[in-house]
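Residue numbers (the working numbering), protein chains in the order written: chain A, 2 to 111; chain B, 2 to 111. For reference, the structure discussed in these notes is given below.
There are 2 protein chains.
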Amino acid sequence: MRARREALQAADPEFSLRRLAQRVRVEPSYLSKVERGLEAAPSEEKVRRLAEELGENPDVLLALAGKVSAELQRIIRRRPQVFAELLRELDEAPDHAILRVVREVRDGEW
Amino acid sequence: MRARREALQAADPEFSLRRLAQRVRVEPSYLSKVERGLEAAPSEEKVRRLAEELGENPDVLLALAGKVSAELQRIIRRRPQVFAELLRELDEAPDHAILRVVREVRDGEW
DNA sequence: TGTAGTGTGTAGTAGATACTACACAGATGG
DNA sequence: CCATCTGTGTAGTATCTACTACACACTACA
């Protein structure tokens, strides 16, 4: 995350830690610690703002923060049994197999 | 949950609120409040013990507690992008469609 | 009629979470 | 040389989470 920000900063001073912190609405010192992993991860809201600013995938950044988005949790909680089974089954499946399922569903092959 | 316990209690006094609370390792007054939804849901550990005692599906009970098991969260966090896509796509799919995927994976059709 | 069980209400709390506030030291440019 | 930028260290804190402790009122039964 730090690397990502520094890369952007090289091209645009708007990505200094302080400026970014302001846009994300946290204290610079806090962001500094978060970037270096000294502080526990921020809330989902702040992580999302960070992802947006840095052009990163929110789900990935949330995962780095040790979280799963509230939205995905809601999806699972609506039908805990089916989704629990599905996830446990797919835990060891390769990425491409999972993505194949996604495509099949998307293309309406049901 | 209360209904479930009371059903079991009718057949076996070991399922009184107090006895059950003791086995689950919480205070009876706390369990009472949880059963009536007056108190925020207990920790995953207690919910699991409750599920075991009541013969309920842990994932379902966790869902009622507004939670998703740490195990499932880990699975998602390992590969946030694929699983996020998958879950969002399957959110509106009918149960049988999801279970079909589970069976296909299980039967090794990959 | 006491004692052993039942569920419940009130009050308090240790520890975690998610931060803020502010001071400080070093680099840079006018 | 000082004003302004940079990142960082220390300290403190409000809010939430997940409970415990204990007293109370009721019922049953011996």
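Every residue gets a Cβ at the ideal spot worked out from N, C-alpha and C, and that includes glycine. Note that this is a predicted model, so its numbers are computed, not measured.
Collapsing the DSSP output to three states places residue 96 (chain B) in a helix. For residue 84 (chain B), the uninterrupted alpha helix (DSSP H) segment begins and ends at 81-91. Per DSSP, the continuous alpha helix (DSSP H) segment holding residue 29 (chain B) begins and ends at 29-36. Here the stretch 62-72 of chain A makes no contact with the stretch 33-50 of chain B; the two share fewer than three CB pairs at distances below 8 Å.
Within the same chain, Cβ atoms closer than 8 Å to the Cβ of residue 5 (chain A) are found at 55 and 57, the five residues on either side in sequence being excluded. Between residue 99 (chain A) and residue 83 (chain B), the CB-CB gap stays under 7 Å.
Annotation: the stretch 7-69 of chain B contains the following complete segments of the alpha helix (DSSP H) (minimum length 4 residues), in chain order: 18-25, 29-36, 45-55 and 59-65. Residue-level contact check: residue 88 (chain B) touches chain A, since one or more beta carbons of chain A fall below 7 Å from its beta carbon. Residues of the same chain with a CB within less than 7 Å of the CB of residue 71 (chain A), apart from the 5 flanking positions on each side, are 45 in chain order. Buried is the label assigned to residue 87 (chain A), since at least 16 other Cβ atoms lie within 10 Å of its Cβ.
Distance from the CA atom of residue 21 (chain A) to the CA atom of residue 28 (chain A), rounded to whole angstroms, is 10 Å. Shown here is that no member of the stretch 14-26 of chain A has a Cβ falling below 9 Å from a Cβ of chain B.
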